[in-house]
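Residues 910 to 1218, numbered by the working numbering, are exactly what the sequence shown covers, in order.
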Amino acid sequence: MKRHEYWRMQYRMDRYLETASIKEIEKRSKEINFNLLTISDNGKLSMLTDSGGVEWMKLATHILEEAVLRGLDYGALELMDNLPKISHPEPPRGLSILKGQSLPVQPYLVRIGQRQHIINAYSQGLIRIAPAASYSDPSLNVAINDDELKVQTIRSRKGVVMQRVDERTGAKIGPTFQPLNDLTYTRSLDDNFFVLCLTQKYQPRLLDDFAGDGLLIITNPLRFQKRLERAVKTVRPDIKMTASAIVYFDPYKPDPTDIPCHLAKDFSYWYQQEFRMVWTKPGLSLDEKPFFVELGTLEGIASMYVFPK
């Protein structure tokens, strides 16, 4: 049995998209393909071939099998639109900026940003700490814009029976009914938090995804975290820091109720491979403002790569 045939058989045994709308299927397909596709060293569109890429190929095959089961023509569906930036015949900007240097073999973190911000971060250790609520601004770059205070999952409407209830008395109103659409479950944080976002696995495509022109490659993440924690305590002793890789969840899989919202993201952001530092405090206001800390030069624990003006 070929691999794609096995994946199709698996999907038929657990048809989790059976009741999804065409719009939701198209949205999911676009997110899957945006994660599966990347840019090669010569600037061409290519597919990830590691274990992560194989998982995305499996999910893409599930989409195709659902279309087959519904008798839909692939050509009638909008399965992809937003693609990583193609630069061929030139190499991607995210590779050129490294000037032939290789990424570290040991664990590292990367901050992607604007040229002057990266220079300031490297030379002075000037770091901007942002409130999570500020990332819901729709004017932000699509790679950055996200409602960081919410986690949403989807449940098939199949087999679901609903009942209207009087909010005051709890008495049932009218007959039961089935929902017309799949159900969306949302968990929200009432409190804001502060965050610094980095990536723990740099891909050249990311520089264009984030519209950056500079990289700060942190080669000693532990020392950086300790210095950052001390600097923030000096400015904001009321907030507590946690550092962790993001957990990415599939919205059509079980709700990650055991994962704090500030450490979980929808799988559409998986390509970013984010590692973040978060600062929390019960009751932290939703209108908090960003603040800066200064760690001193990062020479010896980081490298800087920027394009000339």
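For every residue, glycine included, the Cβ atom is placed at its ideal position computed from N, Cα and C.
The model shown is predicted, which means the values in this text are computed figures rather than measured ones.
- For V1215, the number of other beta carbons within 10 angstroms of its own is at least 16, and it is reported as buried.
- Residue burial is scored here from C-beta neighbours: N944 has at least 16 other C-beta atoms within 10 angstroms and is therefore classed as buried.
- CA-to-CA, the gap between D1196 and E975 works out to about 44 Å.
- If you ignore the 5 residues before and after T1093, its C-beta comes within less than 7 Å of the C-beta of Q1061 and I1063, all in its own chain and listed in chain order.
- Within the DSSP bridge table, the entry for C1106 names R1185 as partners.
- Taking the Cα of R1002 as reference, the smallest distance to any Cα among G1123, I1148, K1149 and V1202 is reached at G1123.
- If you check the CB distance, F1102 and V1187 come in under 8 Å.
- Within the same chain, and ignoring the five residues on either side of E1057 in sequence, the residues whose Cβ sits closer than 6 Å to its Cβ are A1041 and Y1044.
- Rounded to the nearest angstrom, the gap between the Cα atoms of E1208 and L1125 is 11 Å.
- DSSP lists T1095 as the bridge partner or partners of Q1061.
- DSSP lists M1071 as the beta-bridge partner residues of F1086.
- Runs of alpha helix (DSSP H) with 4 or more residues, each lying fully within the segment 974-1022, are found at 1002-1005, listed in chain order.
- Between D1175 and P1160, the C-beta spacing is below 8 Å.
- The criterion of a C-beta distance shorter than 8 Å is satisfied by T947 and Q1112.
- Per the coordinates, the alpha-carbon of Q1134 lies some 8 Å from the alpha-carbon of A1152.
- Sequence-distant partners of T928 (beyond 5 residues in either direction) whose C-beta falls short of 7 Å from its own C-beta, in its chain, are S1065, R1066, K1067 and D1091.
- When the alpha-carbon of L1193 is set against those of W916, V1104, M966 and P1013, the nearest one is in V1104.
- Excluding the 5 residues flanking it on each side, K953 has same chain C-beta neighbours closer than 8 Å at I995 and H997, in chain order.
- Bridge pairing for Y1157: K1174 [DSSP].
- Per the DSSP secondary-structure output, R1037 pairs in a beta bridge with F1201.
- At a cut-off of 3 residues, the continuous stretches assigned as beta strand (DSSP E) that sit fully inside the segment 936-975 are 946-948 and 954-956.
- Taking a 10 Å sphere around the C-beta of E1076, we find fewer than 16 other C-beta atoms and assign the residue as exposed.
- Under the 10 Å beta carbon count, T970 is surrounded by 16 or more other beta carbons and is classified as buried.
- Using a 10 angstroms sphere on the CB of S938, the tally of other CB atoms reaches 16 or more, which defines it as buried.
- Setting aside the 5 residues that flank it on each side, I1036 is surrounded in the same chain by A1030, L1105, L1137, A1140, F1201, V1202, E1203 and L1204, each with a C-beta closer than 8 Å to its C-beta; the list follows chain order.
- S1011 sits away from K1059, with the two beta carbons spaced by 8 Å or more.
- For V1019, the number of other beta carbons within 10 angstroms of its own is at least 16, and it is reported as buried.
- Taking a C-beta distance under 8 Å as the contact criterion, K1142 and T1189 do not qualify as a contact pair.
- By the CB criterion at 8 Å, A1173 and F1184 fall outside the cutoff.
- A1154 is the residue among Y1180, K1162 and A1154 whose C-alpha sits nearest the C-alpha of P1169.
- Under the DSSP assignment, L1125 falls in the beta strand (DSSP E) whose first and last residues are G1123 to I1127.
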